[in-house]
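Residue numbers (our numbering): 64 to 905.
One structure is given below, encoded as structure tokens.
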Amino acid sequence: MATTTPAPPTQAGGHHTSDGAPMTHRQIMEALSGLLLGMFVAILSSTIVSNALPQIITDLGGGQSAYTWVVTAALLSMTATTPLWGKLADLFSKKLLVQIALLIYVGGSVVAGLSQNTGMLIACRVVQGIGVGGLTALSQIILAAMIAPRERGRYSGYLGATFAVATVGGPLLGGVITDTDWLGWRWCFYVGVPFALIALLVLQKTLKLPVVKRKVKVDWTGAFVISAAVSLLLLWVTFAGDKYDWMSWQTAAMVGGSVVLGALFVLVESRADEPIIPLRLFRNRTISLASLASLFVGVAMFAGTVFFSQYFQLARNESPTMSGVLTIPMIAGLFVSSTVSGQIITKTGRWKAWLVAGGALTAGGLGLLGTIRYDTEYWHIALFMGVMGLGLGMMMQNLVLCTQNQVAPADLGSASSVVTFFRSLGGAVGVSALGAVMAHRVTHYAEEGIAALGPKAAGLAGGGSGGGIPDMDKLPAPIRTVMESAYGHGVADIFLYAAPFALLAFVVTLFIKEVALKSGSSSANSPADSSGSNGSSGSSGSRTRTDETATTMATAASTATTASPASPASHAEPVTAGETVTPTPLSTGLTISGTVRTAEGADLSGATLTLISLGGQQLGRAVVGREGRYAVDAPAAGSYVLIASADGFQPQASTIVVNDGPLGHDVLLTGTSGLAGSVTSAEDGAPVDGAMVVITDVRGEVLATGKTGANGSFSFGELVPGAVTVAVTAAGHRPQALPVEIGGHGVTRLDVALVGGAVVHGTVRAGLDHRPLADARVTLVDAAGNVRASATTDADGAYAFADLDSGEYTLIATGYPPVAGRLTVSGAGVDGHDIELAHPGE
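And the structure:
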């Protein structure tokens, strides 16, 4: 079976150019600049229209439903196409795809600015959403392809900062453009075009990633079915309660249709050669839970960006420009938390605490915002927005990050887009549903307020309490106050309804199992791709390791040490903890130093580090001393391989680039665990000798195999913690397969009792000469009359039944006149039972 050799990581985390050379931090930042511009464009297109929408809808003659659909249309197409972009990223050039996404966005934006009616604008927003879906998904995927998970937290901070700038800058810019007479709202769509074109050029020049060239088959059927299912669901959410009742035949038809299409999608994906969303990904607990949490986070995130503009403009009578300014506390909180959490995650490799805290803050912030009214003091609102922003910043990027840390390189695009898909789906459904609810609540509060003013005020109100968006400046003072109060209270209700979804996201994150971020390249094996783990049996077991890069480098280092007398390292003296062996007696000043720690952050004193050349020659060696620190000298500037190993931990090999001075490089080693137990007979408890024990991961890859000894015991070492399946087979017994969770420390115990399985075989003969009869039908029926098995004899007249329980059976053979006989099976073993069929003439 073909295997993909992971690209070795650099000190920055394993990023490589198309020719295999390590990318420097400068090269990463240059390539990242194009991605950030693309991400900026994607977010800007979603936020810049938020404060301009009232004016846009008024100018184009639209109503309340058009207001919602201008937002929902882009979210709908973005949600439906995100899995397709992610799958294409696993099959084609990621650089080409992100450039195509930019061009689609540019085309949709230009035509959107020329819209003459709301229908044309909504159609253009669909095209924009397709491009934005590609930019959003591919930015995360390309970032993962360039940078290791451990380092990715650092660079994810830049994405978080870009998100913050675009989110706060979008409404501000849209407000200024709308308030400027010589520009007008159409420039809200044109303004992103230059940024997209610049991003296109920057990516062409700076982004150099390996292109995977292989025969591909895109699952267009799956893409169509998932798009139809999501579209039908959003159409129902949008029109229910407006065009028809929530409980109506239209609801039944649309919801039922979505469920049927969803089931059809699962069926299509289970049979597709290249599925849009590989269903096996959801066997990974982290991916399933992160996707569910992203669904709930999407509701909270888009609720804030869409409905704040209506609150400030309609409930507080602010201009579009000031509406954007007043949301700065939320964006500031998002900026600070995403940046700080990214930096700290890079240093520690731990991310779960940030997810949990983010869920709690988001739920708390939305709950507090649910208490606001049109006359609430602004500093209260600013504080509540800041709390929600802090929570969103901790969750959004880190949900993608923890998912990418758990998948194989071939599934990186699909896994990343799955999380983005569910976040967009939550946003689309949230905006549609909450928008419909808000329209109902505002109408309710307006009618209550106007009724309280008396009949005279009701006559002045006219149609002010209808479903349209009122012009507050044209309303009489008492009616205006009522409408402002209605919108303030209605928007607050939306935040209150969104809070439980954020609370659900918080609860889901509690169950996500934390796996420390890897320091190696994203191309390296991950816990979800744990075929790189080792397993050893107690007697005649074999050990499997697919981390070929580390093994090859370690072997090369060993060979260079023993077989190259000329190697400087061959003259090294014995070393002690903290002591460094260098190829020259004097330090070159190019010292590589840092710490070696466990995934839990504990120091690993006594761990060994070996520095070798790219050709496999050992150049230096060090043993980690107190506080987990080490130091080893490089002979000159250049690229080297640093191998770290410690007893009970998976070894790690990293490519590092030494320039003109000392280099800091911290190492994180993942601990390994063991599995031991015994295999006995269920009937008498006797040990089963020679039973085969096979351990597979969640993807079905074999991690280790071995046989039990004479006492029925088995043991495996150096297994990566997590869920595995243990299968046990033995002659004369029925096989068993058991799910086992390998603990993070020590040896997990598993005892297996195999039920005896007898074997019955024989030969069917017929005629005076008792010759073997081929193609005779033999049926085995148990004492209850149930057919347990059937077989057809071969050319020699032989048949066999295996894995039989003890008991009474009836054996029926047909071919000539049928013959039936009693058969007693007792315990395990092999029973011979020949059958004689008489000729009809005998």
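Backbone N, C-alpha and C define an ideal beta-carbon position, used for all residues, glycine too.
Just so it is clear, the structure is predicted and the values come from calculations on it, not from any experiment.
If contact is defined by three or more beta carbon pairs under 8 Å, each pair taking one atom from either stretch, is the segment 719-727 in contact with the segment 742-762? Contact check between the segment 742-762 and the segment 719-727: fewer than three CB pairs, one atom from each, fall below 8 Å, which does not count as touching.
From W250 to V174, what does the alpha carbon distance come to, in whole angstroms? So the alpha carbons of these two residues sit roughly 11 Å apart.
List the DSSP bridge partners of E804. In the DSSP secondary-structure assignment, E804 is bridged to A786.
Give a yes or no on whether the C-beta atoms belonging to F777 and G785 are separated by under 8 Å. If you check the CB distance, F777 and G785 do not come in under 8 Å.
Counting beta carbon pairs with one atom in the segment 830-847 and one in the segment 785-805, are three or more of them shorter than 8 Å? Between the segment 785-805 and the segment 830-847, the count of C-beta pairs closer than 8 Å stays below three; the two stretches do not touch.
Going by the beta-carbon positions, is the gap between A395 and G449 smaller than 8 Å? Closer than 8 Å, so yes.
Measuring straight from C-alpha to C-alpha, what distance separates T225 and L817? Put simply, the backbone Cα of T225 is about 59 Å away from that of L817.
Where A865 falls, given that 16 or more other Cβ within 10 Å makes a residue buried: Exposed is the call here.
Specify the secondary structure class of L886 as computed by DSSP and reduced to three states. Residue state for L886 is assigned as strand, using DSSP reduced to three classes.
For the structure I just gave you, are there three or more beta carbon pairs, one from the segment 324-338 and one from the segment 173-191, closer than 8 Å? No, because fewer than three Cβ pairs between the segment 324-338 and the segment 173-191 fall closer than 8 Å, the two stretches do not touch.
Tell me the DSSP secondary structure of L667 in three-state form. If DSSP states are grouped into helix, strand and coil, L667 belongs with coil.
Distance, C465 Cα to Y437 Cα: C-alpha separation (whole angstroms): 40 Å.
Output yes or no for whether 8 Å exceeds the beta carbon distance between L198 and Y221. Contact flag unset, no.
Cα-Cα separation, S600 to T743: Interpretation of S600 is limited by its pLDDT of 36, a score under 50 that renders its predicted location unreliable; no figure is taken from the coordinates.
Mind checking whether Q376 and V554 have CB atoms under 8 Å apart? V554 is positioned such that its CB atom lies no closer than 8 Å to that of Q376.
Using the Cα positions of T887 and G825, report the straight-line distance between them to the nearest angstrom. Answer to the nearest angstrom: the Cα atoms are 14 Å apart.
Alpha-carbon spacing of F371 relative to R379, whole angstroms: When only Cα atoms are considered, F371 and R379 end up about 11 Å apart.
Using DSSP bridges, identify the partner residues of K271. Beta-bridge analysis with DSSP links K271 to no other residue.
Relative to the alpha-carbon of V505, which residue among L516, V545, S869 and V494 has its alpha-carbon at the smallest distance? The shortest C-alpha separation from V505 is found at V545.
With DSSP as the reference, identify every bridge partner of F777, one or two as the case may be. Partner(s): G740.
Taking 8 Å as the cut-off, does the segment 137-147 touch the segment 484-504 (at least 3 CB pairs, one atom from each stretch)? Touching, yes, given that three or more Cβ pairs across the two stretches are closer than 8 Å.
Label Q162 either buried or exposed according to how many other C-beta atoms from any shown protein chain fall within 10 Å of its C-beta, with 16 as the threshold for buried. It counts as buried.
Boundaries (first-last residue) of the beta strand (DSSP E) holding A767: From DSSP, the beta strand (DSSP E) with A767 extends over V765 to K770.
Cβ distance (whole Å) where T425 is taken to contact G454 below 8 Å: Their Cβ separation, rounded to whole angstroms, is 3 Å, which keeps T425 and G454 in contact under 8 Å.
Beta-carbon contacts of M535 that lie in its chain and below 8 Å, excluding the five residues immediately before and after: The beta carbon of M535 sits closer than 8 Å to those of L377, N380, R543, M546 and E547, all from its chain and outside the five residues before and after it, given in chain order.
Hey, quick one: how far does the alpha helix (DSSP H) through L327 stretch, first residue to last? Unbroken alpha helix (DSSP H) run through L327: W312 to R334.
Give me, in chain order, the residues of the same chain whose beta-carbon lies closer than 7 Å to that of A136; leave out the 5 immediate sequence neighbours on both sides. Leaving aside the five residues that flank A136 on each side, the residues in its chain whose CB is nearer than 7 Å to its CB run, in chain order, I185, R188, V189 and G192.
Quick check on this structure: which residue in M317, F328 and S96 has the alpha carbon closest to the alpha carbon of L263? When C-alpha distances from L263 are compared across M317, F328 and S96, the shortest belongs to S96.
Are the CB atoms of V318 and W299 nearer to each other than 8 Å? Going by C-beta atoms, V318 is nearer than 8 Å to W299.
Exposure of K537, with buried meaning 16 or more beta-carbon neighbours within 10 Å: Exposed: under 16 other Cβ atoms inside 10 Å.
Hey, could you find the ends of the beta strand (DSSP E) E899 is sitting in? Segment I898 to L900, the beta strand (DSSP E) holding E899.
Taking the alpha carbon of D242 as the reference point, which residue from M385, T349 and T759 has its own alpha carbon closest? Proximity to D242 across M385, T349 and T759 peaks at M385, based on C-alpha coordinates.
Close beta carbons around T811, own chain, < 6 Å, minus the five adjacent residues each side: Answer for T811: L738 and I805, listed in chain order.
Backbone secondary structure at I719 - three-state DSSP: In the three-state reduction of the DSSP assignment, I719 falls in the strand class, which pools E and B.
Could you give the residue range of the alpha helix (DSSP H) that holds T434? For T434, there is no enclosing alpha helix (DSSP H), as DSSP marks it with neither H nor E.
Return yes when the C-beta of A136 is under 7 Å from any heavy atom of the ligand PLP, and no when it is not. The model depicted lacks the ligand PLP and carries no ligand whatsoever.
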